[in-house]
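Below: the structure, in structure tokens.
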Amino acid sequence: MGAFLEFFLFLGIFFPIYHILNSFFPSSKNNISDKNYTKPMTILIPCYNEKKIIKNTIQGLLKIVYENYECIFINDGSIDDTFKELCKLLKLKKYNKTKSNDLLGSKIKNIYKSKKYSNFYVIDKPNGGKSDALNIGINYSENDYIVTLDADSILKEDALAIVSNVFDDSDVVAASGVIQILQSVKLLDGNYIPTLKNKLLIKLQTIEYIKSCYCYKASLAKLNSLLVISGAFGVFKKKLLIDVGGFSHVIGEDLNLTLKIQFYIENTNKKIMYVPNAICYTEGPDTFKDFIKQRKRWQQSFIESLFTFRKKIFKNFLSNSLSFFIVIDALLIGVISSYIITFFSFLFIRNLVFSNIIDAFLYIKIFILVHLSY
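Per this note's numbering, the sequence shown starts with residue 5, numbered consecutively.
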């Protein structure tokens with residue numbers, strides 16, 4: 005048991021240090037140009053019961069400093085008057101939009117175009133899930149680049165302009181922006197200013213997202229081993245999405261899609277870029293109950309994707325950097341550590357009550373080391 009704990013603690017400390025050091029040094033391979041080309045993009049926003057926040061979503065989109073884009077809201081069978089709210093805010097009229105692709109997706113009810121904003125559209129469809137909504141959106145997109153946003157996501161004004169530049173490199177097939185917690189900032193004179201006036205849970209998530217985005221993801225991207233392009237903000241070449249069959253109907257469609265792409269472009273010069281200055285703000289759960297639900301969904305998504313791609317992942321995990329980090333870093337340390345921490349919490353409480361205090365403090369030291377190291 006002692007040797008196992010020492011080995012586990014070594015891994016739990018080694019990988020975070022490695023990612024910190026690896027992300028700290030800039031990569032000469034991934035320099036982003038500043039030509040500010042405006043590549044034609046289609047923003048897809050799947051909506052399910054988003055009546056309360058859809059106005060903020062639209063207002064955020066209208067502030068984007070980018071010329072060549074269309075925005076498609078896909079109302080996925082909402083039952084809370086989301087569609088009525090879209091009609092009121094966008095002044096919709098029925099529109100015959102051309103279907104440009106044929107990814108698997110459910111039937112739609114109608115397509116609408118905004119009378120107020122000529123590049124805003126709404127697709128109304130029966131409920132089929134987020135993946136189905138995104139695939140429908142791809143089918144009716146006019147442009148060569150697809151941007152996926154959650155309905156509670158707000159792009160920083162220059163995010164699209166920044167992320168579009170990475171596609172100057174023809175080998176780039178997809179890009180991930182930075183996700184930050186919306187409640188951690190406030191809008192002042194058109195600028196997002198950090199604020200500390202929020203719940204402890206929000207503060208902790210803010211720190212976690214900073215670590216994840218600017219350290220962990222940045223490090224993995226330099227190794228061409230990025231595990232997930234967040235559904236909150238990702239950009240893809242449309243042809244690539246069609247080639248891999250679009251979004252799968254799974255719990256974590258963003259993780260599943262990223263792994264599909266990574267294995268599809270394996271042994272080629274194609275790559276996924278991580279763009280640390282293209283920022284998107286998304287709402288973090290502000291209650292412990294919602295937080296637990298989110299993390300449970302993330303764990304289920306990872307385990308499901310691990311099973312789906314198990315042959316590719318475990319076949320060459322010692323020679324393939326993506327598979328290596330999935331097995332050792334994400335699975336062994338990331339997932340299993342949560343159970344280890346729970347186990348040692350139990351041992352700590354037991355020893356605190358039934359044994360001497362020295363043993364109890366030994367367990368809590370191990371707990372802290374494991375918890376803080378990852």
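C-beta: ideal position from N, C-alpha, C; glycine also.
Secondary structure note for CYS219: it is in no beta strand (DSSP E), with a DSSP letter that is neither H nor E. The DSSP assignment places complete alpha helix (DSSP H) segments of no fewer than 4 residues inside the region 226-283 at 242-247 and 257-268, in order along the chain.
Going by DSSP, ILE185 is part of the beta strand (DSSP E) stretching over 176-185. If you look at VAL331, you'll find it isn't in any alpha helix (DSSP H); DSSP assigns it neither H nor E. In this structure, LEU108 places its C-beta atom within 8 Å of the C-beta atom of GLY250. Contact check for THR262 and ILE233: beta-carbon distance about 5 Å, within the 8 Å limit, so the pair qualifies. CA-CA distance, TYR121 to PHE28, rounds to 42 Å. The beta carbon of CYS217 lies closer than 8 Å to those of VAL182, ILE183, GLN184 and PRO280 in the same chain, with the five residues before and after it left out.
One alpha carbon belongs to PHE318, the other to VAL69, and they sit about 44 Å apart.
Taken through DSSP and simplified to helix, strand or coil, THR210 comes out as helix.
Judged by DSSP secondary structure, PHE318 falls within the alpha helix (DSSP H) whose first and last residues are 314-319. DSSP places THR291 in no alpha helix (DSSP H); its state is neither H nor E. In the DSSP assignment, ILE127 is bridged to ILE78 and ILE115.
If you look at ASN202, you'll find it isn't in any alpha helix (DSSP H); DSSP assigns it neither H nor E. Counting the other CB atoms within 10 Å of its CB gives GLU212 a total below 16, which places it among the exposed residues.
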